[in-house]
Every structure is written in structure tokens, then in C-alpha cells.
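K.L.:
Residues 80 to 187 in my numbering are what the sequence shown lists, from first letter to last.
Glycine included, each C-beta is placed from N, C-alpha and C at the ideal position.
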Amino acid sequence: MYENWMNDPEVPKLGDLPSNYFMLNGSPQFDFYKYDFGWGQPIAHRSGVGNMLDGKITVSPGLEEGSMILEICLSSETIQALEEDIIFGEFVNTTPIVGVERTIRVRI
80 MYENWMNDPE VPKLGDLPSN YFMLNGSPQF DFYKYDFGWG QPIAHRSGVG NMLDGKITVS
140 PGLEEGSMIL EICLSSETIQ ALEEDIIFGE FVNTTPIVGV ERTIRVRI
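1. Can you look up L132 in the DSSP assignment and give me helix, strand or coil?
2. Which of the three DSSP states is assigned to L142 in this structure?
3. Helix or strand or just coil, what does DSSP make of I166?
4. Check this for me: beta carbons of A123 and I151, under 9 Å apart or not?
5. Can you name the start and end residues of the beta strand (DSSP E) that I148 belongs to?
6. Measuring CB to CB, does L161 end up less than 9 Å from L153?
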């Protein structure tokens, strides 16, 4: 199952929901970085493949005080269009992050 997804990743679409659908979850009361499950201190966290939906944006606290992680899930077609957009390209850095297959960093 996972080998097929790795070769041809597909992001589900929420076709039955309105285009302005908004969902918020999580809690500032849970300090993810405080817990060590025997693997060392976490450096990041992600939603996981089961929660990937086209257009989903997850904002969570980063490891460093005051930092944040934006997990943005987009279809392959959308990512390709962004990579080909000249104006968008002026504001991004596609330098890979260790352990992450495909990243786009945006300067703010």
C-alpha cells in the first residue's frame, strides 16, 4: 500500500465540502516538544498521511520559542503550478529539509 503511494502520491480532495470550509483543532495546552518517548526530543511533528487533504493547512508551534510550523498539503498539480509561477518563485526557497522529501520555504 505505502509503496504505491510513495511512487504516485495522491492527496484526497474534499469535494463534498464547500470551498470556504474551515476546520480548527489542536490545543496550546499540549506541549508536544516536552515529551520524550525514548527516541530523543522531537524536532517537528506532522499530521500524517491519513490527515492529508488538498488545501489543508496545519499551523503548530515550532521547536524554538516563538517559531511555528506550517504544514501545507497541496495536490501535485498545485505544487507544480506554484513551482512554475515566476512571481511566487521570487518569494520561496526550495532548499530541502533533512527527512522531508519535498519542501517549499516561503520568506515572510
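P.N.:
On the basis of the data shown:
1. Coil.
2. The answer is coil: DSSP assigns L142 none of H, G, I, E or B.
3. I166: helix per DSSP, three-state reduction.
4. The Cβ atoms of A123 and I151 do not sit closer than 9 Å to each other.
5. Element bounds for I148: M147 to I151.
6. The criterion of a C-beta distance shorter than 9 Å is satisfied by L161 and L153.
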